[in-house]
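Numbering (the UniProt record's numbering), first residue to last: 1 to 250.
Note that the Cβ used here is the ideal one computed from N, Cα and C, for glycine as well.
These notes concern the structure reproduced below.
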Ligand SMILES: Nc1ncnc2c1ncn2[C@@H]1O[C@H](COP(=O)(O)OP(=O)(O)O)[C@@H](O)[C@H]1O
Ligand SMILES: [Mg+2]
């Protein structure tokens, strides 16, 4: 039977929220509506608004309530500023139209050389049919972008390198084990609802206090970003596992 893919971020988030252990790692996420946007901005100051079924960072918007009570949102490289919440929300609503969108608590990402980065954790069924975390990689954002996706100018980079300005090497090593565990828990939780999953790619934000947050889970993760690393060890295993469960490679 074919490998299972699930497009709706909302559906996947709901399954993850059923796990008590994972719940605290998930930013507050709501379905798009204007009163909710206002409440979320009052609460969090910064939110991400994104298509329920998006990929590649397309259609993702970062929205902020500023100290002077003006509002800004940004999709591409240029932030747009509005004098009131209503004007901002009306403009955003026009952009979204009737498509299903989500509002998510914004996580202030850790930076490297002044650029934001987040993490992709690859978890796969290994040849023994057991979930295994096979890859952890960072993605450094393009200086002007609000997303880190490779297809939006993000640069894949070694996790260790991105973390070195923040913590010691032994701390990096234990953080990686922590991420690997979170990855396996996410896979196991999703599998309760989606039994034919074989691979997932989890986007994890690390905030300024080094707390990990699950931004989204991809069920058709790109293995090739791991090939961008100088060290091909992770990529080789990822690729081998893909072939073992008959994933059709591009
Ligand atoms: N809640 C958030 N806080 C901070 N950054 C976010 C948040 N949601 C998304 N992002 C940024 O936008 C990127 C794309 O969002 P994501 O939810 O992964 O959608 P896509 O399916 O398009 O990849 C993420 O990799 C991250 O860099
Ligand atoms: Mg993503």
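- At least one heavy atom of ligand 1 sits closer than 8 angstroms to the Cβ of residue 213.
- In the three-state reduction of the DSSP assignment, residue 132 falls in the strand class, which pools E and B.
- Distances from the CA of residue 119 to each of 161, 242, 52 and 64 were compared; the closest alpha carbon is that of 161.
- By the criterion of a C-beta distance shorter than 8 angstroms, residue 188 is surrounded in its chain by 131, once the five residues flanking it on both sides are discounted.
- Short note on residue 57: C-beta closer than 8 angstroms to some heavy atom of ligand 2.
- Linking residue 168 to residue 158 through their CA atoms gives a straight-line distance of about 15 angstroms.
- Contact between the region 218–238 and the region 102–109 is not established, with fewer than three Cβ pairs separated by less than 8 angstroms.
- As summarised for the region 74–116, the continuous alpha helix (DSSP H) elements at least 4 residues long and confined to that stretch are 85–96, given in chain order.
- Nearest to residue 183 by alpha-carbon distance, out of 84, 141 and 137, is 137.
- By alpha-carbon distance to residue 152, the top candidate from 60, 134, 6 and 29 is 60.
- Counting C-beta pairs closer than 8 angstroms gives fewer than three between the region 169–183 and the region 88–96, which falls short of the contact rule.
- Looking only at 83, 242, 107 and 192, the smallest Cα-Cα distance to residue 126 is reached by 242.
- With a beta-carbon spacing of about 6 angstroms, residue 49 and residue 63 fall inside the 8 angstroms limit used to define contacts.
- In the DSSP assignment, residue 124 forms a beta bridge with 132 and 199.
- Leaving aside the five residues that flank residue 239 on each side, the residues in its chain whose CB is nearer than 7 angstroms to its CB run, in chain order, 223.
- According to the DSSP assignment, residue 216 belongs to no alpha helix (DSSP H) but to the beta strand (DSSP E) extending over 212–218.
- Residue 29 is bridged by DSSP to 104.
- The beta carbon of residue 12 is closer than 7 angstroms to those of 6, 190 and 217 in its chain, skipping five residues each way along the sequence.
- Contact check for residue 203 against residue 214 passes: the beta carbons are separated by less than 9 angstroms.
- A heavy atom of ligand 1 is found nearer than 8 angstroms to the CB of residue 216.
- Separation of residue 210 and residue 110 (C-alpha to C-alpha, rounded to the nearest whole angstrom) is 8 angstroms.
- In the same chain as residue 234, and ignoring 5 residues on each side of it, the C-beta atoms closer than 6 angstroms to its own belong to 135 and 226, in chain order.
- Straight across, the Cα-Cα distance linking residue 200 with residue 51 is about 19 angstroms.
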